[in-house]
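Worksheet: the structure to be examined is printed underneath.
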Amino acid sequence: MSRLIEFIGPFHPVLVHLPIGFILLAILFQWLSLRERYAGLAAAVRLTYLLGAISAVLSCLTGLALSSGGDYDPSTLQWHKWFGIGVAVISLVGYWYASKPFSLQPRLISIAVLVLLVITGHLGGTLTHGEGFLTKALAVKTDSGQGTKKTIANTQEAVVYSDIIQPILTEKCGGCHGAIKQKGGLRLDAKDWILKGGKNGQVFHSGDASGSELYRRLVLDPLEEKHMPPKGKPQPTEQELNLIQWWINSGAGFDKKAKDVQQTAVIAAALQSLQHQQQAVQSLIPAEKVDAADPALLDRLRKAGIAITPVAINSNYLQASFVSIPKPDDSLIALLADVRKQLIWLRLPAATLTNEGWKKLTANTSLIRLNIEHSNITDALLPMLNQLTRLQYLNLVGTKITSTGVQQLKMLTGLKEIYLGQTMVSQQDLVALKQAFPKTAIDIGGYQVSSLATDTQTLHPPPKK
């Protein structure tokens, strides 16, 4: 019997969409049939309600089977279960009343089942995607795609677990092992849960990273079935893996500060890098306040294919990315005009703009970070960028600009980083550019890494079919 339950449980995510479609269609038919023009739809209401009710019952049964695994937050699961049963019951009542005139009672039933459907769907989304899944897109994303983390002024004064390790676990493991969802009965969002472990026992053994399932799963070959996070999910970086290993092996536990724990050169460098990364991001957000952009305008930008999000939680400043648009043109740049006060980070790769388009772009004078790699900007157009007096970061990789053109940007006294790889700028030009921009880090690419006798290659077997 237990095997049967395990078999039918995974069908829940497939079946659960059927009652949503059928019931919404039944309600739509029911209300449209009030109009003489659509009166014929009344004949389809009863059958549609019946299909919705049957699929709702099947969804309940498979949902109960899936929930028996115990991988979800009990409280949210209970609410989802009872609201789901409510949808099935009320949709059956709707089927019964569908054969009667569409009076007050059937109308109230249609409204009730619609409300239940919305609540049940939201709770289901919370179980599978985590708390606040509807607003996750508002979280700040860095270039690497990572979410916002607590800014650490001095990593040596940071508490190793709460300030360094927990944000990594939350970001990379929280979706499956957080407060809402606990695969394998394992939660990794707090000290007590980590120490408790999951269905298969403890996952954390202080002083022994290789013997701790928490770390061992992270460093398994990605092709291994037990590798975590699963394929397709964001993976921890090498730096993050080193920090987790150090946390466990050092016996730092949950209260020690980094300065009180022995550190190798690799770990000290990782902590310093972490500190610099966070300070760099924070320095690119102005201290002065700005009014929030009109949500309707933001929706308009998103519908045009522009990814636009706040640069930080609780910040009205915005970042926009055109990476999903093959060749951004003038018409899209014009859409940014209404958010120019809030827009401080802009990524515009492969842009093909006219002179007028570049002029419109430089009207966004709040920009602090501008990425226009592989665009059609030229030496003749570069002086326009001098209007961006707040600019600190500029990426011109893959463009046709020269050293002479770059030197026209001397008015950008706040420029801290400029990337010139794959341009007409050569190593010979670098000396003159560094003299022209003494406070700016200039990167022209062209790195070469020599091979060592100790270098190895990792050969993976073909994926198991």
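The sequence shown begins at 68 in this note's numbering and counts up one residue at a time. Heads up, the beta-carbon is just placed ideally off N, CA and C, and yes, glycines get one too. These numbers were taken from a predicted model, which means no experiment stands behind them.
Does DSSP put I186 in a helix, a strand or coil?
-> helix
Kindly list the residues whose CB is nearer than 6 Å to the CB of R457, restricted to its own chain and excluding five residues on each side of it in sequence; keep chain order.
-> I435
Residues bridged to V492 [DSSP beta-bridge criterion] | Partner(s): none; V492 has no beta bridge.
Nearest neighbour of A132, chosen from F74, A179, R113 [CA to CA] = The option with the nearest alpha carbon to A132 is F74.
Nearest candidate by alpha-carbon position, reference A363, set V406, S340, S398 | Nearest to A363 by C-alpha distance, out of V406, S340, S398, is V406.
Are at least three pairs of beta-carbons, each pair with one atom in the stretch 326-346 and one in the stretch 363-378, less than 8 Å apart?
-> No, the stretch 326-346 does not touch the stretch 363-378.
Is it right to say W35 is buried, meaning 16 or more other beta carbons lie within 10 angstroms of its own, or is it exposed?
-> Residue 35 is absent from the structure shown; the chain starts at 68 and stops at 532.
Nearest-angstrom beta carbon gap, V112 and S29 [assumed within contact, 8 Å] | The chain is shown from 68 up to 532; residue 29 falls before or after that span and cannot be answered.
Which of the three DSSP states, helix, strand or coil, is assigned to G212?
-> Residue confidence for G212 is low, a pLDDT of 37 falling below 50, so the modelled location carries little weight and cannot support an answer.
If you pair each beta-carbon of the stretch 291-298 with each one of the stretch 238-249, do three or more pairs fall below 8 Å?
-> The answer is yes - the stretch 238-249 touches the stretch 291-298, with three or more Cβ pairs under 8 Å.
Considering R436, what are the terminal residues of the alpha helix (DSSP H) in which it resides?
-> Careful: R436 lies outside any alpha helix (DSSP H), inside the beta strand (DSSP E) at 436-438.
Alpha-carbon to alpha-carbon, K250 and T187 = When rounded, the separation of the alpha-carbon atoms in T187 and K250 is 21 Å.
L171 classed as buried or exposed, judged by whether at least 16 other C-beta atoms fall within 10 angstroms | exposed
What number of angstroms, rounded off, separates the C-alpha of I392 from the C-alpha of I152?
-> 44 Å
Are at least three pairs of beta-carbons, each pair with one atom in the stretch 172-185 and one in the stretch 90-104, less than 8 Å apart?
-> yes
Where the alpha helix (DSSP H) through P362 begins and ends | 362-370
Anyone know if the C-beta pair for V390 and P416 falls short of 8 Å?
-> P416 is positioned such that its CB atom lies closer than 8 Å to that of V390.
What are the start and end residues of the alpha helix (DSSP H) that includes A110?
-> 109-134
What number of angstroms, rounded off, separates the C-alpha of W412 from the C-alpha of Y486?
-> 16 Å
Exposed unless 16 or more other CB atoms sit within 10 angstroms - verdict on H147 | By the neighbour-count criterion, in which 16 or more other beta carbons inside 10 Å mark a residue as buried, H147 falls on the buried side.
What does Q249 pair with, by DSSP beta-bridge criteria?
-> H244
Rounded to the nearest angstrom, how far is the Cβ of N309 from that of I334, given a contact under 8 Å?
-> 6 Å
Straight-line CA distance for L497 to Q312?
-> Cα-Cα distance, rounded: 40 Å.
With distances taken between CB atoms, is the gap from P80 to V154 smaller than 8 Å?
-> no
Where P301 falls: helix, strand or coil (DSSP) = coil
So, are the CB atoms of Q342 and T222 less than 8 Å apart?
-> yes
For V227, the three-state DSSP class (helix, strand or coil) | helix
Would the beta-carbon of V226 fall within 8 Å of that of D322?
-> Yes, these two residues count as a Cβ contact at 8 Å.
Simplified DSSP assignment, three categories, for L413 | Residue state, collapsed to three classes: strand.
CA-CA distance, P77 and E291?
-> One C-alpha to the other measures close to 22 Å.
Can you give the Cα-Cα distance for R174 and L108, rounded to whole angstroms?
-> 16 Å
Identify, in the order they occur along the chain, each residue of the same chain with its Cβ nearer than 7 Å to the Cβ of W260, setting aside the five sequence neighbours on each side.
-> R254
Mind checking which residues open and close the alpha helix (DSSP H) that includes D397?
-> 397-401
Provide the residue(s) that pair with P377 in DSSP beta bridges, ordered along the chain.
-> L385
Got a sec? Which residues, its chain only, sit under 6 Å from G191 by beta carbon, not counting five neighbours each side?
-> H147
Looking only at DSSP bridge pairs, what is Y460 linked to?
-> R436, E484
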